[in-house]
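Beneath this line is the structure, given in structure tokens, with notes to follow.
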Amino acid sequence: MNQVSNSSRDIKYLQLSQTADLEAGELQTTVLNAPEGKIWKLIALYLKADSPAGSNSGKHAFFVQPDGLYIPVLEGKSEHMDPVEFKGNEWSKTSTYQIPQDDETNVLNALRTDSSQGIRIQYSNATDVSQTNTRTINAIVEEEDVNA
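Just so we're aligned, residue 6 is where the sequence shown starts under my numbering, counting upward by one.
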């Protein structure tokens, strides 16, 4: 984790990639939680998963949602032969997405996390083969003290 500080806020760059092989039909979850006494505001997010090698059918996707809410606020899916990518705060290499791309930055910047309420990032492999490629998850967050 890299940190840049100034007198009004701390900016953190988080690298949280998923590297374990993910079987066909499985879901893998990464949760962002701020440390105790801190709140993180999500500023930017980069998600990327290359297409599962050798896949002949199905889709793969990323879902972003506040922990405890089972309806994604950001969702991007691609066919088995295409990558899924969220870059520049919009879905850039994705065949379907949940909300208009112009609204994605507003949704992203509304997400907050503390030590007990996280932000879930899920990758779904609904293809016919294992996903052996790394799922890249990078986030930039603004950290604030709870008592600030």
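Just so you know, even glycine gets a beta-carbon here, dropped at the ideal spot from N, CA and C.
Just the Cα atoms here: how many angstroms apart are residue i and residue j?
i, j, result
"V151", "L19", "20 angstroms"
"N61", "P40", "42 angstroms"
"T99", "S22", "19 angstroms"
"E147", "P88", "28 angstroms"
"I76", "R14", "30 angstroms"
"L27", "P57", "10 angstroms"
"I124", "D55", "23 angstroms"
"F91", "H65", "13 angstroms"
"S135", "G93", "28 angstroms"
"L47", "I16", "10 angstroms"
"E117", "M86", "A small fix is needed here, since residue 117 is Arg in this sequence, not Glu. If you take the alpha carbons of R117 and M86, they lie about 33 angstroms apart."
"L74", "S121", "14 angstroms"
"K53", "I44", "25 angstroms"
"T24", "S97", "22 angstroms"
"E84", "G59", "13 angstroms"
"E149", "R140", "28 angstroms"
How far does the beta strand (DSSP E) with residue i in it reach, from first residue to last?
i, result
"Y128", "124-132"
"E90", "89-92"
"G81", "79-84"
"T141", "140-150"
Under the three-state reduction of DSSP, which class applies to residue i: helix, strand or coil?
i, result
"V112", "helix"
"D55", "coil"
"R14", "coil"
"P5", "Outside the modelled stretch of the chain, which goes from 6 to 153, sits residue 5, for which no answer is possible."
"L19", "strand"
"I76", "coil"
"E31", "strand"
"T137", "coil"
"K98", "coil"
"G42", "coil"
Just confirm the distance between the C-beta atoms of residue i and residue j, as a whole number of angstroms; I'd bet it's less than 8 angstroms.
i, j, result
"G63", "D133", "5 angstroms"
"N138", "Y51", "Not a contact, Cβ separation roughly 15 angstroms."
"D49", "I145", "The sequence given here places Ala at residue 49; Asp does not occur at that position. That belief holds up - the Cβ atoms of A49 and I145 are roughly 4 angstroms apart, short of 8 angstroms."
Less than 7 angstroms between the CB of residue i and some heavy atom of the ligand COA, yes or no?
i, result
"S135", "This structure lacks the ligand COA, and indeed carries no ligand of any kind."
Is the region 55-71 in contact with the region 107-126, if contact means three or more CB pairs nearer than 8 angstroms?
yes
Would you check if the region 29-46 and the region 76-86 touch, i.e. whether three or more CB-CB distances between them fall below 8 angstroms?
no
For the pair the region 29-36 and the region 124-133, tell me if three or more CB-CB distances fall below 8 angstroms.
yes
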